[in-house]
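Taking it in order: structure first as structure tokens, then the write-up.
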Amino acid sequence: MIQMRILAMVAMTLMAVSASAQEASDLSDTGVLDALQEAIDASDEARVLELMQEAESRGLTIEARGGAPRCEQPVVPKVGALEHPFRWGMAKQAHGIRLRQLAMEQGYCGCLSELMDFAEFTRERTGKSPEALTEDDLATIREWYHGIRGEIREPYIAYRNRQCGD
């Protein structure tokens, strides 16, 4: 009788372990999100990473608890001179630095993308829309970016930690 109980307990344990260790790729979308919540609650960092990567590869949205608003990434269109990936990447980085600069100037702790969209940024720096930018305009943005990025990065991190509780 004791052997049967032990065998039943072992079988139940193995079933529970195999269910929780199920490959992320085998789970449904809802299953990935549920398993992710379980892994977060259990502080299983390796499983959290695995499930977050799976969620990202599927394009799943992970909402914060309590319905907290989600920040959108700033949109930088790949148009005109920005179709070149390196120019596009530099312009995106420059826009991000400007957003951080604005946040510190305004004492802002919300979503950076709400401060200034990319078109406003290009108008501010060059007087042109993203579609009208030339390589010379992007060189102007690049010079500004290289001149200011060192002045913004570390102070912004300190600002976020101090003012925003990040």
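Throughout the sequence shown, residue numbering follows mature numbering (1 follows the signal peptide of the UniProt record, and there is no 0), covering -21 to -1, 1 to 145 in sequence.
By construction, the Cβ of each residue, glycine as well, lies at the ideal position given by its N, Cα and C atoms.
From residue i to residue j, what does the alpha carbon distance come to, in whole angstroms?
i           : j           : result
residue 133 : residue 126 : 14 Å
residue 89  : residue 73  : 19 Å
residue 157 : residue 138 : Lying outside -21 to 145, the shown extent of the chain, residue 157 is not represented and no answer is given.
residue 77  : residue 1   : 44 Å
residue 114 : residue 13  : 47 Å
residue 111 : residue 62  : 12 Å
residue 31  : residue 143 : 25 Å
residue 38  : residue 24  : 21 Å
residue 129 : residue 122 : 13 Å
Which residue marks the beginning of the alpha helix (DSSP H) containing residue i, and which one marks its end?
i           : result
residue 126 : 114 to 138
residue 26  : 24 to 37
residue 91  : Here residue 91 belongs to no alpha helix (DSSP H), and DSSP marks it neither H nor E.
residue 5   : Element bounds for residue 5: n/a, residue is neither H nor E.
residue 64  : 64 to 85
residue 102 : 97 to 105
Please confirm whether residue i and residue j have their CB atoms less than 8 Å apart.
i           : j           : result
residue 79  : residue 124 : no
residue 3   : residue 29  : yes
residue 53  : residue 75  : yes
residue 11  : residue 18  : no
residue 192 : residue 6   : Since the first and last residues shown for the chain are -21 and 145, residue 192 lies out of range.
residue 51  : residue 92  : yes
residue 120 : residue 70  : yes
residue 97  : residue 55  : yes
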